[in-house]
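Numbering (the numbering used here), first residue to last: 56 to 695.
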């Protein structure tokens, strides 16, 4: 016997043992039968066990889910189903082996269910590879590969198709009342954010649910029409020409920065929109790079993204491409270059560019950004006693922690991004801050390379005994890797969403992710038609709308960098169609409720009827308290 055959036989024995351990539990525990019936088709078991498993299913169903299969009952069932009486002893031997020779405990049931799935897919993969030669000889190997992919996809569908409810309303009574009682008595399973604008609509982020936030990823990237971007081939192309190509419906790729690898690459633009005639300014760097934009246009600096009007000449370094011509490669490394000049150049027609994946682009060789709802939701959830797994696919855990520290410790993100500026006191404040203990229930998954749903499931499974998340936040979904390469991306996204939903149902967590508004929605917003943004607004796949319980759009407010609009496109438990505003503190990456702010102001408001009767010291104390709420500078306090 060769080595490969020995390994195959050893693997098959391992598979058989795992199946028999599950059958052992199904012969002694009704809950085990119920779970397998709900999750799996009998065909997932190897042929030698299918008659026994189908008999267990049949006994369970015929008894109204109240009876286990006995040896005598199985003997009678097997007699009626086998074609040759000589096979009966073998069937009874299998029953005996499962009942008496294998042992398993319900504590291991979750692991055994996963093993059952793995065994099935391994068996199908082996059979598919065996058939590949036959298909190749018959139809050619190109068609044979397609047959294999379809064969494996059908097998995967066999696993996923058992999650449905297929029963009468009468029989669903007990199941419904148990779930209702769980929600009524255990409020911890309903996760609230603490933001009234969300909680009043969502009525709590419930286990097994799915929420998507759509964002205008290119907001406020305002550049003149004559500014130069770089195509995927490295050729120069003006922003005005980009806008023409976009209006014609032509797919266009320009250089952008991957902020994890810090390399430029070509990615597709999401949209180019005319933004009116505005004042423009030119910045010049020490090595001679030039870039023109409006004063609110963000540039990537060593200290994070800064608006053009916030750049300090002689102080700030901006990201530029190492290859000055950008004609040789679409993957030039970037480097830092000092800003030495900034001047007004005139009034020009300007455009916004919205990017598809990483929300920046290379213009005039400089790298120019946006985003933060996911982080703030995570922090709010943890502060209310919930467990969160955060998956930051757009940046490393280190960069995410800097944002968290800015948000909750109160040190500006601009300072954190420029470590030499950090004082000893601030360094000690970060080191000793209660932040590190308060967020024990905030876990991050910082994957090495691509992350697929299968890899995510394995990560959750390995740590589930110690950490069971109530919410998993994926920032953001389009960065999840699809292992099935044969589908268009919009179909891959649909498959990823369904897989995440199934994962949430298996482990009782709510999934929150971010996606992008599509071109039509962005155009409607730019033109002031927010009411036209509906469930079709998600870029990449209609499945965002169909598979999300809640769908929100995060809209920037022009000329108001400290405010965001939150549009409820869809809410399964609450009203849809309403627009509310949220507060933003940019350098702390913070988003908060305007309702809380107004309540605080109202609670702190001066009682003018009592002012004349109070001592001067008490009046001054009230003024200080009031000014702190409104964030007034000292000079304005003196005026008061």
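Using N, Cα and C, we set each Cβ at its ideal position, and we do this for glycine too.
Since the structure is predicted, the reported quantities are computational estimates derived from the model, not experimental observations.
Within 8 Å, strictly: CB atoms of residue 359 and residue 395: Cβ atoms of residue 359 and residue 395: not closer than 8 Å.
Beta-carbon separation (whole angstroms), residue 447 vs residue 407, contact threshold 8 Å: With a contact defined as Cβ atoms closer than 8 Å, residue 447 and residue 407 miss out at about 26 Å.
Residue closest to residue 164, alpha-carbon to alpha-carbon, out of 516, 184, 400: Selected option, being the one with the closest Cα: 516.
Separation of residue 397 from residue 605, as counted between CA atoms: Approximately 45 Å, taken between the alpha carbons.
Beta carbon proximity, residue 192 to chain B, threshold 8 Å: Here there is only one protein chain, and chain B is not present.
Whether residue 608 touches residue 587 by CB criterion (8 Å): The Cβ atoms of residue 608 and residue 587 lie no closer than 8 Å to each other.
Inter-residue CB distance, residue 233 and residue 277 (contact presumed, cutoff 8 Å): The distance from the Cβ of residue 233 to that of residue 277 is about 55 Å, inconsistent with a contact at the 8 Å cut-off.
Strand pairing of residue 407, partner residues [DSSP]: Paired residue(s): 277, 328.
Every unbroken beta strand (DSSP E) inside the region 604–637 [3 residues or more]: As for any beta strand (DSSP E) of minimum length 3 sitting wholly inside the region 604–637, the runs are 605–611, 618–626, ordered along the chain.
Per DSSP, the bridge partner or partners of residue 161: DSSP lists no partner for residue 161.
Residues sharing a beta bridge with residue 345, DSSP: Paired residues: 339.
CB of residue 301 within 8 Å of CB of residue 326, strictly: Their beta carbons are under 8 Å apart, which means residue 301 touches residue 326 by this criterion.
Entirely enclosed alpha helix (DSSP H) segments - the region 424–476, minimum 4 residues: If we require 4 residues or more, the alpha helix (DSSP H) runs fully inside the region 424–476 come out as 428–438, 452–463, 468–471.
Length of the line joining the Cα atoms of residue 660 and residue 335: Only weak support exists for where residue 660 lies, its pLDDT of 40 falling under 50; the value from the coordinates is given anyway. Spanning the alpha carbons of residue 660 and residue 335 requires a straight line of approximately 42 Å.
Boundaries of the alpha helix (DSSP H) in which residue 148 is found, first to last residue: 143–151 is the extent of the alpha helix (DSSP H) around residue 148.
Close-in-space but distant-in-sequence residues of the same chain around residue 362 (CB under 7 Å, 5 per side omitted): If we look at residue 362 and ignore the five residues flanking it on each side, its Cβ neighbours are 350, 351, 352, 353.
Residues of its chain near residue 590, where Cβ-Cβ distance is below 7 Å and the 5 sequence neighbours each way are ignored: The answer, listed in chain order, is 600, 606, 624, 625.
Inter-residue spacing [alpha-carbon to alpha-carbon] between residue 92 and residue 518: Here the alpha carbons of residue 518 and residue 92 stand approximately 26 Å from one another.
Length at least 3, wholly inside the region 479–534: the beta strand (DSSP E) runs in chain order: Here the runs fully enclosed are 497–499, 526–530.
Complete alpha helix (DSSP H) runs within the region 100–134 (minimum length 4 residues, chain order): Taken in chain order, the complete alpha helix (DSSP H) segments of 4 residues or longer contained in the region 100–134 are 102–117.
Closest residue to residue 321 among 261, 636, 311 (Cα-Cα distance): With distances taken between Cα atoms, residue 321 lies closest to 311.
For residue 362, the residue or residues it bridges with in DSSP: Residue 362 pairs with 353.
Alpha-carbon to alpha-carbon, residue 256 and residue 51: This structure cannot speak to residue 51, because the chain is shown only from 56 to 695.
Residue 246 (DSSP reduced to helix, strand or coil): It is a strand residue.
Unbroken alpha helix (DSSP H) run spanning residue 301, endpoints: If you look at residue 301, you'll find it in the alpha helix (DSSP H) that goes 294–302.
Minimum C-alpha distance to residue 346 - residue among 409, 557, 323, 392: Per the C-alpha coordinates, the member of 409, 557, 323, 392 positioned closest to residue 346 is 392.
Nearest residue (CA-CA) to residue 69, options 468, 101, 645: Closest option to residue 69, Cα to Cα, is 101.
Run of the alpha helix (DSSP H) containing residue 91, from where it starts to where it stops: That run of the alpha helix (DSSP H) goes 85–94.
Alpha-carbon to alpha-carbon, residue 341 and residue 553: One C-alpha to the other measures close to 50 Å.
Rounded C-alpha distance that separates residue 386 from residue 284: Caution applies to residue 386, whose pLDDT of 44 falls short of 50 and renders its modelled position unreliable; the model cannot decide the point.
Nearest-angstrom Cα separation, counted from residue 267 out to residue 572: Their backbone Cα atoms lie some 11 Å apart in a straight line.
Nearest candidate by alpha-carbon position, reference residue 293, set 405, 390, 246: Nearest to residue 293 by alpha-carbon distance, out of 405, 390, 246, is 405.
Integer-rounded CB distance, given that residue 115 should sit under 8 Å from residue 88: Confirmed, Cβ separation roughly 5 Å.
Same chain, Cβ closer than 8 Å to residue 59, five either side skipped, listed in chain order: Bear in mind that a pLDDT of 47 at residue 59, under 50, signals an unreliable position, so the number given afterwards is only what the model happens to contain. Excluding residues within five positions, none has a Cβ falling inside 8 Å.
Span separating the alpha-carbon of residue 471 from that of residue 458: For residue 471 and residue 458, the distance between alpha carbons rounds to 9 Å.
Assigned secondary structure, residue 264 (DSSP; H/G/I helix, E/B strand, else coil): Note: residue 264 maps to coil in three-state DSSP.
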